[in-house]
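Peer 1: Sharing a structure with you now.
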Amino acid sequence: MHLGMNRTSLVYLGVCAIFALGIWTILELGNAFLTAPRDLSGRWAPADPATPPAEGFSISQSGEFVRFSPDNGSQHFDVVLTQSSRPAEGAADQILKFDGDGWHVEGTAFEASNAVNFTFQGPPGIQGPRSGTYRLERMNPTNSPPAPPMEPGTHQ
Amino acid sequence: MAASRFIFLLVVQTGLILGLSRVMGFLFIRLRQPQVMGEMIAGIMLGPSLFGLLMPGMFQQVFPADSIQYLNALSQVGVIFFLFLVGLELDPKMLRNRGQAAVIISNASILTPFFMGALLALFLYPRLFNATPAMRFTSVALFLGAAMSITAFPVLARILTERNLHRTPIGAIAITCAAANDLTAWCMLAFVIAAARVAGVGPGLMTAGKSILYIAVMFFLVRPFLKRLELVFERSNHLSQNLLAIILILVLGSSIATDWIGIHALFGAFLMGAIMPKGTAFVQTLSNKLEDFTIVFLLPIFFAYIGLRTQIGMLNHASLWMYTGLIILAASLGKFGGSAVAARFCGLSWREASAIGVLMNTRGLMELVILNIGRNLGVITDAVFVMMVIMAIVTTALTTPILHLVYPRAKAEGEEAAARERAERRPFTVLIPVSLPASGGPLARMASLLAPPPPLDAGRRIIALHLQRLADHDPYSVRLSETPNQRSEALEPLLDAARGMDIAVEPIAFVSRDVPSDIARFARLRAADLILMGFHKPVFGQAILGGTVHRVMTASDADVAVFVDRDFESAKNILVPFLGGKHDQMALDLAGRVARNANASLTVLHVVPPHRSQSDKVLNARATVERTFADPTQPMPVNFQVIEDSSPVVAVIQAAGQYHLVVIGVEEQWGMQSHLFGFRPERVAQQTTTSLLIVRKYAGPAVLGGSQAYAQPVAGHT
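If you read the protein sequences in the order shown, they are chains A and B.
Every letter in the first sequence is one number past the one before it in this note's numbering, and letter 7, counting from 1, is 10.
Every letter in the second sequence is one number past the one before it in this note's numbering, and letter 302, counting from 1, is 932.
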């Protein structure tokens, strides 16, 4: 060993090199191929206050897992993002579909604005946003220090 | 809300937090878990996961959303000073001249979990993260890697101390690795934070440049200034309020600087602690001043704040729990696997390598600190925050039980004791646990009489032990200078007395969370023949054999003697009340030792009911005493006295006044033994004015040979 290194040191340096290469590969792969779900978290209010729902809601989101908390005090509900697609190749808008807790929610997100057209289909007899399609705008697009701790859930 | 209302709320909140964290800390100590575990759980309990779930109305009253910012502010101040304390504990000496094994293991214990965290990001990123600028893949992957590679140095140090592993090679490697881990992880985190905050090469280079400048200022300007402050301290031998204020301002200034640079305020506090001069009274005094308030008051608030942000109910989908399991698995595999394989590669056995792996997997509150940073930066989502908090708690909670499985205490101690046994011929060993410094001198005098030097005895070993209770000590940051084999001030009077008598005493001091158990364990470890304890009045009640003494007597498998010192100088005449039981037999043996070494006369007092002085019992007792003292080398006379009295206790009390020392066994009739299991008065001990040696023979199945060890020189047989 002319370099003055023993076998252990060489193995150690080799492992470090493999580690660095591994991290670099992971970062390259992740940046090239992975996208996180569209960020919806924050406060949402009707784009046109004259049309229902008169009140908005808050969304707390962890990737595919989304909680809608209506401002009118009715029970929040949790849905999972089941589909995220664009209506056509290269289209700017994005179609989002969520299911869970008996709810089916669809959203059309517009790249050009901060607005989403939400369509709610709720289970019968459960309080929440009335079924229908509404255009809502995000009040505080979160880039994003989190909101204060959420209130304890009575849900489930 | 009015300011007065906020103040009232804050007082209620902090009171609740402190009370519950203390109670939970106490309970977790009983469960053989680190106290910090209980405090972390207390924080979770106060949040929406339990308190808010069970009593949502009251939860809203006590922790309204708009009051949380005040708790947050307090908790952040607490964490800043805690990180300063962690930096203070970090001694560069530990990192210098490390063996090759420690270098390799410490690096493997960082790199492997870092890699696992980044790898896991590939799976979790499209599922649990949002497309925000703060949650770019690079930031997420690096943050997960850094969060998984952390080891809670203070908690690890505490576990090692509690399990008495810090003197073992495994403990030394683990603590070195954890210290290196701390340093590396915080530097790594500073990099990750900068990467998350700054976009683009230009700002990144600017941040890097500012960081280098900041570090240079800290090392080349602030550090020399701190050494000057140390000189000021040394001149007055006192940490004045002005000096303390200057240091606090420096800590805060350093935090502000790093926050401005973009590498987080906590890094500034940590670095400030790290560059302080180490191993000096200055740092020790500073640490003592700060740690109680920080650890007892501010850190539980941080835990509560974390708890308020942790809503376990958010994990309401099976897949979320699966991801949680995956995170725990990846974190443990990375940390445990990386450390254990590296340790095995370095030549340790699989059992030792596994023990190191388990120890390095302790994350504790350091993980919570990092997670809170990540959440504030917006690098992780609410659900990932909850999952990682659960991971931190699970990995920390599992450390002690799994360590017990892979590296049982009995095995570790057995190996160490066996090695000691082989290494030296066993002399008669007296262990002296010292609680009050003032009791040290008399105990040393008594020990010198009980364990004479060769040729009178086959050799003697006297060990003075001082255990500092954890309750009086910072529960997170164990000072490594307080490891065994270090002298303690509490032992100085004993050592002074020993020097005066030219007796060699081995001083040992370490921290303990269960003093009686640790005394018993230490006695077993050192194969002590006799534990010689002092008596000091308990806080509650009048019992001499209560409290610690009681627990040592019942827990140890060595013989125990309690010395009640009443201005004992020498023993010219000794009284041994004798009824014939095994404890009395031991009292005879010990009294014989003292009599021989002090050239004292010895009176054995046998009390019988009226008109029974000619009974077989008396004859048997006389025969026993004669047999015990048949040794022709016994220089002083032994008088066997029989007294007829309906109350043996009263008879002994009346007789005791004429003697310098009474050596008495804890027989039922003497009212001693009964106290151990009830509340009968210890009249002999309480009502005599003579110095007493109260002895109890170990009655367990496997006698370590202790009785023979001290019976032989006196009796010449048995």
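A virtual CB, placed ideally from N, CA and C, is assigned to each residue, including glycine.
Since the model is a prediction, treat every value here as computed from it, not as a measurement.
#1: Closer than 7 angstroms between beta carbons: that is the criterion. Which residues of the stretch 826 to 856 of chain B meet it against chain A?
#2: Note down, in chain order, every chain B residue with its Cβ under 8 angstroms from the Cβ of Thr38 of chain A.
#3: With distance defined between alpha-carbon atoms, name the residue in B:Glu1199, B:His1180 and B:His947 nearest to Val1190 of chain B.
#4: Quick check: what's the CA-CA separation for Met1131 of chain B versus Ser1186 of chain B?
#5: Whole angstroms is fine: what's the gap from Ala1332 of chain B's alpha carbon to Lys1212 of chain B's?
#6: Rounded to whole angstroms, what's the CA-CA distance from Gly103 of chain A to Leu684 of chain B? Just pull it up for me.
#7: Could you tell me the distance, in whole angstroms, from the CA atom of Leu99 of chain A to the CA atom of Gly937 of chain B?
#8: Counting pairs of beta carbons, one from the stretch 668 to 675 of chain B and one from the stretch 639 to 651 of chain B, are three or more of them closer than 8 angstroms?
#9: By the three-class DSSP mapping on this structure, what secondary structure does Gly1171 of chain B have?
#10: Which term fits Ile879 of chain B, buried or exposed, when burial requires 16 or more other beta carbons within 10 angstroms of its beta carbon?
#11: Please confirm whether Met765 of chain B has its beta-carbon closer than 8 angstroms to some beta-carbon of chain A.
#12: Mind listing the chain C neighbours of Ala973 of chain B? Cutoff is C-beta to C-beta under 9 angstroms, in chain order.
#13: Which same chain residues end up closer than 8 angstroms to Arg974 of chain B when comparing Cβ atoms and leaving out the 5 residues on each side of it in sequence?
#14: When you compare only the Cα positions, how much space is there between Leu869 of chain B and Ala887 of chain B?
#15: Relative to the C-alpha of Ala748 of chain B, which residue among B:Phe767, B:Phe759 and B:Ala732 is closest?
#16: Could you check how far apart the C-beta atoms of Met906 of chain B and Leu856 of chain B are, in whole angstroms? I think they sit under 8 angstroms.
#17: Taking C-beta pairs closer than 7 angstroms, name the residues in chain B that Ser44 of chain A reaches, listed in chain order.
#18: Could you check if Ser1069 of chain B is buried or exposed, using at least 16 other CB atoms within 10 Å of its CB as the buried criterion?
#19: Could you compute how far the alpha carbon of Gly17 of chain A sits from the alpha carbon of Trp27 of chain A?
#20: When the cut-off is 8 angstroms and only beta carbons count, does Leu139 of chain A lie next to chain B?
#21: Take Pro618 of chain B as the anchor and find which of B:Thr814, B:Phe923, B:Leu1323 and B:Tyr935 has the nearest alpha-carbon.
#22: Could you check which residue in B:Met654, B:Phe689, B:Gln665 and B:Leu657 has the C-alpha nearest to that of Val642 of chain B?
#23: Kindly list, in the order they appear in chain B, the residues whose Cβ is closer than 9 angstroms to that of Arg10 of chain A.
#24: Between which two residues does the alpha helix (DSSP H) harbouring Val1280 of chain B extend?
#25: How do the stretch 1289 to 1297 of chain B and the stretch 1189 to 1207 of chain B stand: do at least 3 beta-carbon pairs fall below 8 angstroms, yes or no?
#26: Of the choices B:Pro756, B:Thr742, B:Leu1124 and B:Ala1157, whose alpha-carbon is the least far from that of Ala1134 of chain B?
#27: Which runs of the alpha helix (DSSP H) spanning at least 4 residues fall entirely within the stretch 1183 to 1229 of chain B, listed in chain order?
#28: Should Phe1270 of chain B and Val1255 of chain B be called a contact, given that it needs their Cβ atoms to be closer than 8 angstroms?
#29: Can you tell me whether Phe753 of chain B is buried or exposed? The criterion is at least 16 other CB atoms within 10 Å of its CB, across all chains shown.
#30: Any Cβ of chain B within less than 8 angstroms of the Cβ of Asp74 of chain A?
#31: Please list the terminal residues of the continuous alpha helix (DSSP H) segment that includes Gln871 of chain B.
#32: Near Gln665 of chain B, what residues of its chain come up, given a Cβ to Cβ distance below 7 angstroms and the 5 sequence neighbours on each side ignored?
#33: Note down the Cα distance separating Phe744 of chain B from Ser779 of chain B, rounded to an integer number of angstroms.
#34: Apart from the five residues on each side of it in sequence, which residues of its chain come closer than 6 angstroms, Cβ to Cβ, to Asp1144 of chain B?
#35: Give the range of the beta strand (DSSP E) segment to which Arg138 of chain A is assigned.
#36: With C-beta atoms as the reference, is Ala985 of chain B less than 8 angstroms away from Tyr953 of chain B?
Peer 2: Once the coordinates are examined:
#1: So the list is empty, because no residue satisfies the distance condition.
#2: Here residue 38 of chain A refers to the residue found at position 35 when the first sequence is read from its first residue. Neighbours of Thr38 of chain A in chain B, taken as residues whose beta carbon is under 8 angstroms from its own, are Pro756 and Ala761 in chain order.
#3: Residue mapping note: residue 1190 of chain B aligns to position 560 of the second sequence, counting from 1. Restricting attention to B:Glu1199, B:His1180 and B:His947, the CA atom closest to the CA of Val1190 of chain B is found in B:His1180.
#4: Residue numbering aside, residue 1131 of chain B sits at position 501 when the second sequence is read from its first letter. Residue numbering aside, residue 1186 of chain B sits at position 556 when the second sequence is read from its first letter. Approximately 29 angstroms between the Cα atoms of the pair.
#5: Numbered from 1 along the second sequence, position 702 holds the residue referred to as residue 1332 of chain B. Numbered from 1 along the second sequence, position 582 holds the residue referred to as residue 1212 of chain B. Below a pLDDT of 50, predicted positions are generally treated as unreliable, and Ala1332 of chain B, at 38, falls in that range; the measurement from the model is reported next regardless. In a straight line, the C-alpha of Ala1332 of chain B is about 15 angstroms away from that of Lys1212 of chain B.
#6: Numbered from its first residue, the first sequence carries residue 103 of chain A at position 100. Numbered from its first residue, the second sequence carries residue 684 of chain B at position 54. Straight-line measurement puts the Cα of Leu684 of chain B at about 25 angstroms from the Cα of Gly103 of chain A.
#7: Within the first sequence, numbered from 1, the residue matching residue 99 of chain A stands at position 96. Within the second sequence, numbered from 1, the residue matching residue 937 of chain B stands at position 307. Rounded to the nearest angstrom, the two C-alpha atoms are 32 angstroms apart.
#8: yes
#9: By one-based count along the second sequence, residue 1171 of chain B stands at place 541. Here Gly1171 of chain B scores only 48 on pLDDT, less than 50, and its place in the model should not be relied on; the value that follows carries that caveat. DSSP places Gly1171 of chain B in coil when its eight states are reduced to three.
#10: Here the question's residue 879 of chain B lines up with position 249 in the second sequence. Classification of Ile879 of chain B: exposed, given that the 10 Å Cβ count is below 16.
#11: Residue numbering aside, residue 765 of chain B sits at position 135 when the second sequence is read from its first letter. Yes, contact with chain A.
#12: The chain labelled as chain C is not found among the protein chains of the depicted structure, namely A and B.
#13: Counting from one through the second sequence, the residue named residue 974 of chain B turns up at place 344. Correct list, in chain order: Trp980 and Ala983.
#14: Position 239 of the second sequence, counted from the first residue, corresponds to residue 869 of chain B. Position 257 of the second sequence, counted from the first residue, corresponds to residue 887 of chain B. Cα-Cα distance, rounded: 26 angstroms.
#15: Position 118 of the second sequence holds residue 748 of chain B. It is B:Phe767.
#16: Sequence index remark: in the second sequence, residue 906 of chain B carries index 276 (1-based). Sequence index remark: in the second sequence, residue 856 of chain B carries index 226 (1-based). Going by Cβ atoms, the distance from Met906 of chain B to Leu856 of chain B rounds to 6 angstroms, so yes, they are a contact pair.
#17: Translated into positions along the first sequence, residue 44 of chain A becomes position 41. Asn760, listed in chain order.
#18: Stepping through the second sequence from its first residue, residue 1069 of chain B is reached at position 439. Its Cβ being crowded by 16 or more others within 10 Å, Ser1069 of chain B is buried.
#19: Here the question's residue 17 of chain A lines up with position 14 in the first sequence. Here the question's residue 27 of chain A lines up with position 24 in the first sequence. So the alpha carbons of these two residues sit roughly 15 angstroms apart.
#20: By one-based count along the first sequence, residue 139 of chain A stands at place 136. Not closer than 8 angstroms to any Cβ of chain B, the Cβ of Leu139 of chain A fails to qualify, so no.
#21: Outside the shown range of chain B, which is 631 to 1348, sits residue 618 of chain B, and nothing can be said about it.
#22: As a working note, residue 642 of chain B is residue 12 in the second sequence. When only C-alpha atoms are compared, the closest one is B:Phe689.
#23: As a position in the first sequence, residue 10 of chain A is number 7, starting the count at 1. The contacting residues do not exist; Arg10 of chain A stays about 11 angstroms from chain B at best.
#24: Translated into positions along the second sequence, residue 1280 of chain B becomes position 650. Run containing Val1280 of chain B: Pro1278 to Ala1286, per the alpha helix (DSSP H) assignment.
#25: yes
#26: One-based indexing of the second sequence puts residue 1134 of chain B at position 504. Selected option, being the one with the closest Cα: B:Leu1124.
#27: 1212 to 1228
#28: Against the second sequence, residue 1270 of chain B aligns to sequence position 640. Against the second sequence, residue 1255 of chain B aligns to sequence position 625. Yes; because the gap between Cβ atoms is below 8 angstroms, this pair is in contact.
#29: Indexing the second sequence from 1 puts residue 753 of chain B at position 123. Result: exposed.
#30: Numbered from 1 along the first sequence, position 71 holds the residue referred to as residue 74 of chain A. No - not a single Cβ of chain B is within 8 angstroms of the one on Asp74 of chain A.
#31: Within the second sequence, the letter at position 241 stands for residue 871 of chain B. First-last of the alpha helix (DSSP H) with Gln871 of chain B: Gln871 to Ile891.
#32: For this step, residue 665 of chain B is matched to residue 35 along the second sequence. Cβ within range, chain order: Gly655, Phe658, Ile659 and Pro1105.
#33: As a position in the second sequence, residue 744 of chain B is number 114, starting the count at 1. As a position in the second sequence, residue 779 of chain B is number 149, starting the count at 1. Taken atom to atom, the span from the alpha-carbon of Phe744 of chain B to that of Ser779 of chain B is near 5 angstroms.
#34: Taking the second sequence and counting its residues from 1, one reaches residue 1144 of chain B at position 514. Correct list: empty, nothing qualifies.
#35: Within the first sequence, numbered from 1, the residue matching residue 138 of chain A stands at position 135. Start and end: Gly135 to Arg141.
#36: Mapped onto the second sequence, residue 985 of chain B falls at position 355. Mapped onto the second sequence, residue 953 of chain B falls at position 323. Between Ala985 of chain B and Tyr953 of chain B, the gap from beta carbon to beta carbon reaches 8 angstroms or more.
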